[in-house]
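Chains as they are written, first to last, in the working numbering: chain D, 72 to 243; chain C, 72 to 243. Let me begin by presenting the structure, written as structure tokens, before commenting on it.
2 protein chains.
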Amino acid sequence: MILRIGHRIPRDERVTTHVCLTARALGADGVFISNVHDSQLVKTINDVTQRFGGGFHVEAGEPWRSTLSKWKREGGKVVHLTAYGISLPKIIDEIRGSREDKLVVVGAEKVPGEMYGLANWNVAVTNQPISEVSALAVFLDWLFEHARLEPQFPNAKIRIIPTEHGKTVATD
Amino acid sequence: MILRIGHRIPRDERVTTHVCLTARALGADGVFISNVHDSQLVKTINDVTQRFGGGFHVEAGEPWRSTLSKWKREGGKVVHLTAYGISLPKIIDEIRGSREDKLVVVGAEKVPGEMYGLANWNVAVTNQPISEVSALAVFLDWLFEHARLEPQFPNAKIRIIPTEHGKTVATD
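Laid out in structure tokens, this is it:
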């Protein structure tokens, strides 16, 4: 699961939508949007899942501290994506090797300092200013060993058919 | 180089910023922001490059058709990232094998239909709705064979030191 913290309306609406679409397309089970009840955003993502299939789960509003402590209490591990962390290539084997469920935390601009201590791993997708959207994308692609770029979702009403030059869509 | 098309102020300011940061962090030489003179955005990205180093180049305002035709006239190739394209794992070897300079096109919501014909390759980072930011990130990481996640930029005033739990920054 992904935990999106620091979401603000309207400032982060589009970026958080990109976080959710990325999470879904690249194999995450769902996203918790912390602290803010953004029902419009939840609806947007559920509409995509409805049309393009799969069981992606998005919920909003729970304070991030309680999501995170529940996750750890139930035995899960926490990965925090941050430019300040350990470089992804150096840490990915250790993360892949852990069998516990992972909660991947992606922040908006300001992340509370305590997150760095609460996370089991602080992971950097480059130690450069980057987007949390791309950090999440690259992290998930590496986590799943670059093998999930052709996902097939069950119950899709719309399916895009790969095409060299043009757009092809199959509908149910 | 990256070509960002369909940028609108203020709607796309943050997402286009994420496109530029992603391009810089993951090894692109620069970004052309087509059609719109967004001098604030150019300044934001140049400030990052100033502080974190390297020679990343961003310019805005040229119509995308002229950027693209100049690129092709000078012998370059064009990659268009789109959910409708051929799956990245199926096409990446062909793209890596071509020695010409690449222009990677990332659109905002609506991409003109002619782009699908103008591109040498239409490439899908999943055939699912996804973010153009994550599509660019995953594409660049694959293009550079997952070997550019620890970039060192020359002339950096600020350097982030990878840290397990916390934030460490070195300044010149």
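From the three backbone atoms N, C-alpha and C, an ideal C-beta is built for every residue, glycine too.
When CB distances to chain D are screened at a threshold of 8 Å, not a single residue of the stretch 167 to 180 of chain C falls below it. Minimum Cα-Cα distance from Pro160 of chain D among the listed residues D:Phe210, D:Thr138 and D:Ala227 corresponds to D:Phe210.
In the structure shown, the three-state DSSP call for Gly156 of chain D is strand.
Contact between the stretch 101 to 115 of chain C and the stretch 129 to 144 of chain C is established, with three or more Cβ pairs separated by less than 8 Å.
Annotation for Pro225 of chain D: Gly124 and Gly125 place their beta carbon closer than 7 Å to its own, counting only its chain and skipping 5 residues before and after. Looking at the backbone, the Cα of Gly168 of chain C and that of Ile76 of chain C are separated by about 26 Å. The shortest C-alpha to C-alpha distance from Lys181 of chain D to any of D:Ile157, D:Asp83 and D:Val149 is the one to D:Asp83. The straight-line gap separating the alpha-carbon atoms of Ile157 of chain C and Asn193 of chain C is approximately 6 Å.
Residue contact with chain D for Gly126 of chain C: absent (no Cβ-Cβ distance below 7 Å to any residue of chain D).
Residue contact with chain D for Ala227 of chain C: absent (no Cβ-Cβ distance below 7 Å to any residue of chain D). Using a Cβ-Cβ cut-off of 7 Å, Thr197 of chain C counts as an interface residue toward chain D, since at least one Cβ of chain D sits closer than that to its own. Taking a contact to require three or more Cβ pairs closer than 8 Å, the stretch 196 to 214 of chain C and the stretch 147 to 156 of chain C qualify as touching.
Using a Cβ-Cβ cut-off of 7 Å, Phe123 of chain C counts as an interface residue toward chain D, since at least one Cβ of chain D sits closer than that to its own. Using beta-carbon distances, Gly237 of chain C counts as an interface residue toward chain D, with a partner under 7 Å. Residue pairing by DSSP places Asn193 of chain C opposite C:His151 in a beta bridge. Counting only residues of its own chain and dropping the five nearest sequence neighbours on each side, Trp135 of chain D has a CB closer than 7 Å to the CB of Leu74, Ile76, Ser105 and Asn106.
For the pair Val86 of chain C and Arg85 of chain D, the CB atoms are nearer than the 7 Å cut-off. For Glu84 of chain C, the enclosing alpha helix (DSSP H) starts and ends at Glu84 to Ala96.
Looking at the DSSP output, Glu130 of chain D shares a beta bridge with D:Phe103. The Cβ neighbour count for Asp118 of chain D, taken over all protein chains shown within 10 Å, is under 16; the residue is labelled exposed. At least 7 Å separates the CB of Pro81 of chain C from every CB of chain D. Nearest CB-CB separation between His151 of chain C and chain D: not below the 7 Å threshold. Residues of chain D with a Cβ closer than 8 Å to the Cβ of Glu221 of chain C are, in chain order, Ser158, Pro160, Thr197 and Asn198.
Taking C-alpha positions only, Ile80 of chain C is separated from Ile231 of chain D by approximately 30 Å. Residues of chain D whose Cβ lies closer than 9 Å to the Cβ of His108 of chain C do not exist; the shortest such Cβ separation is about 22 Å. Spatial neighbours of Ala195 of chain D in its own chain (CB-CB distance under 6 Å, excluding positions within 5 residues in sequence) are listed in chain order as Ala154, Gly156 and Ser158. Taking C-beta separations shorter than 6 Å and ignoring five residues to either side along the sequence, the partners of Gly178 of chain C in its chain run Ile76 and Gly77, following chain order. Residue pairing from DSSP places Lys173 of chain C in a beta bridge opposite C:Lys148.
Assigned with DSSP and collapsed to three states, Ala208 of chain C falls in helix. Residue D:Gly184 holds the alpha-carbon nearest to the alpha-carbon of Thr239 of chain C among D:Gly184, D:Gln121, D:His217 and D:Pro222.
A distance below 6 Å between beta-carbons, with the five flanking residues on each side excluded, links Ala94 of chain C to the following residues of its chain, in chain order: Ile73 and Val102. Counting along the chain, no beta strand (DSSP E) covers Leu112 of chain C; the unbroken alpha helix (DSSP H) around it starts and ends at Ser110 to Phe123. DSSP places Thr242 of chain C inside the beta strand (DSSP E), whose first and last residues are Val240 to Thr242.
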